[in-house]
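Numbering (the numbering used here), first residue to last: 1 to 407.
Where a beta carbon is used, it is the ideal one built from N, C-alpha and C, also for glycine.
All figures in this text were calculated on a predicted structure; none of them were measured in a lab.
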């Protein structure tokens, strides 16, 4: 019976490749549950989606796999490379976790028998079915690197690739492979950007909309942390005028923080501290709105780690010394504060004291009886982490360790 199916399998594979070639807007590949052959083509093409009836998956895969292996073993004989491409499409669309077959497609690209842009399209379709396949992302990196060497519109190409990563991350939560690939694209794009700050701020804005929709996606938060680190490392003390529109939301969060803490909202502060305070305010709102999501508490630790890492050099106040180790308090071995932007750094020191009070107030609300058990648990862990990480002997909320948090 399987012998009789071979011609039909070839027809199905040919139809699949034909649909991919003729529809550049094809978005997804889906398996349609159907256990019996209705004597019709099992390949469906509607609304830029490709569907395969489930009954044909196993025989088509077995046929294509065996044919590819036969061609691979007969290397010395001439072979039809177009047919090899068709067979590989069928095999990898069903099971993409075969590194050898992706390498065979690399050979087809190198010998000019396969268009790299078609390959990106095909690999994106595979990700619509298997969004967490590491082999697909590895292959895409290779294809993209090859295209980027001689491609003019590189920024648009990388933007499209980031969209592919977004779709894959949407289809599979905590998709480490998709986020790692997006980070690779981000690093590739940095070298192409004439306005790095714009690039980082745009990505930070996009990331915010993502985490608001996926509050427990650890991989999404890790990506945001990488963007924040790059942004803070690249930030001057004051943003240039051409970056002001993108920086407006951060400025708004900073002013709201100052008003809530009773500080003059026109106070001068470094852009890095404004970014950290803005992120802390966002995290506070999310923890209050989305109860008992551990990913949010871990992200808060990262924010405070960023604060410690980018602490200002002018650390003479006693309040600030409780937060920042002495070795971080000066920019050189002589203990002399940096002369550049001393006024901004002095304002930063005052703001850091308020930041400590802000964190104390935030934790205090989770010592109330009405707080749910999981939130109390996370708050207690956060307080313990604060005490250990910043080596605090007397954190303002230390009394809460013997209060409701311990019940």
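Whole-angstrom distance between residue j and residue i, CA atom to CA atom
i	j	result
residue 390	residue 358	16 Å
residue 87	residue 171	27 Å
residue 268	residue 303	21 Å
residue 287	residue 293	7 Å
residue 264	residue 258	6 Å
residue 127	residue 222	21 Å
residue 220	residue 196	21 Å
residue 16	residue 201	41 Å
residue 205	residue 216	18 Å
residue 62	residue 21	23 Å
residue 159	residue 84	31 Å
residue 360	residue 301	14 Å
residue 156	residue 116	16 Å
residue 199	residue 121	25 Å
residue 37	residue 55	7 Å
residue 125	residue 134	14 Å
residue 207	residue 45	33 Å
residue 251	residue 356	20 Å
residue 227	residue 139	24 Å
residue 107	residue 161	22 Å
Closest residue to residue i among the options (Cα-Cα distance)
i	options	result
residue 408	379, 186 and 112	Lying outside 1 to 407, the shown extent of the chain, residue 408 is not represented and no answer is given.
residue 152	127, 192 and 225	192
residue 385	148, 353, 368 and 297	297
residue 142	223, 278, 105 and 250	105
residue 230	183, 219 and 300	183
residue 173	189, 218 and 212	218
residue 92	29, 373, 378 and 251	29
residue 68	38, 115 and 10	10
residue 119	136, 129 and 131	136
residue 179	212, 225 and 383	225
residue 33	387, 22 and 53	53
residue 188	73, 145 and 228	145
residue 362	352, 284 and 299	284
residue 47	55, 24 and 203	24
residue 277	233, 291 and 354	354
residue 371	110, 210, 291 and 252	291
residue 289	305, 247 and 214	214
residue 8	49, 59 and 51	59
Beta-ladder partner(s) of residue i, from DSSP
i	result
residue 32	53
residue 47	Its beta-bridge partners do not exist; DSSP assigns none.
Contact under 8 Å by Cβ, residue i with residue j
i	j	result
residue 163	residue 169	no
residue 90	residue 26	no
residue 147	residue 94	no
residue 261	residue 281	no
residue 232	residue 190	no
residue 166	residue 186	no
residue 212	residue 273	no
residue 96	residue 130	yes
Original post:
What are the start and end residues of each continuous beta strand (DSSP E) run of 3 or more residues lying completely inside the region 80 to 129, in chain order?
Top reply: The DSSP assignment places no complete beta strand (DSSP E) segment of no fewer than 3 residues inside the region 80 to 129.
**OP:** Please go through the region 220 to 305 and give each complete beta strand (DSSP E) segment of 3 or more residues, from N-terminal end onward.
**Re:** The beta strand (DSSP E) runs of length 3 or more contained entirely in the region 220 to 305 do not exist; there are none.
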